[in-house]
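K.L.:
What the sequence shown shows, in the numbering used here, is residues 1 to 103, in sequence order. One structure, as structure tokens, below. Some questions next.
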Amino acid sequence: MSDTTMILLGCAGGLLPDILRLVKGRHDPNIGDYWKSWSFWLGLFFAVILGGLAVYLIKPTQLAEALAIGFSAPEILSRLFAKEQPDRTRDSGEMSMRTWWAI
1 MSDTTMILLG CAGGLLPDIL RLVKGRHDPN IGDYWKSWSF WLGLFFAVIL
51 GGLAVYLIKP TQLAEALAIG FSAPEILSRL FAKEQPDRTR DSGEMSMRTW
101 WAI
């Protein structure tokens, strides 16, 4: 596959987290407000660019790898910089397995 095809797949992978969030919230009556906000479109633009950039830098050899890398890069950063961090401790002070996998 050509580098351009891989980069475009990375860009498509960068779209996936927001597409999944929109599908998940399809019954939310306020979803129209979300689409109209400039922060959504700015975030979507940077997610697409970041997905393509990650694929360009990592240079995957298979289509599925390019899509996964494009998906992972913005998803990881959005979770890292999210305002709300999940509670990582249980009552006993240890992290649960479900919480660890959700991080």
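Glycine included, C-beta positions come from ideal geometry on N, C-alpha and C.
(1) The alpha helix (DSSP H) spanning F71 covers which residue range?
(2) Starting from the C-beta of E75, find all residues in its chain whose C-beta is less than 7 Å away, skip the five residues before and the five after it, and write them out in chain order.
(3) Which value, in whole angstroms, describes the spacing of the CA atoms of S2 and A82?
(4) Thinking C-beta only, is L50 closer than 8 Å to L22?
(5) Which residues bound the alpha helix (DSSP H) around K24?
P.N.:
Taking the geometry as given:
(1) Here residue 71 refers to the residue found at position 71 of the sequence shown. 63 to 80 is the extent of the alpha helix (DSSP H) around F71.
(2) Start at 1 with the first residue of the sequence shown, and residue 75 comes out as number 75. Within the same chain, E75 has close Cβ partners P17.
(3) Counting from one through the sequence shown, the residue named residue 2 turns up at place 2. Counting from one through the sequence shown, the residue named residue 82 turns up at place 82. Using only the alpha carbons, I get a separation of about 34 Å.
(4) Numbered from its first residue, the sequence shown carries residue 22 at position 22. Numbered from its first residue, the sequence shown carries residue 50 at position 50. No, they are not a contact pair.
(5) For the purposes of this step, residue 24 is taken as residue 24 along the sequence shown, with counting starting at 1. Residues 3 to 24.
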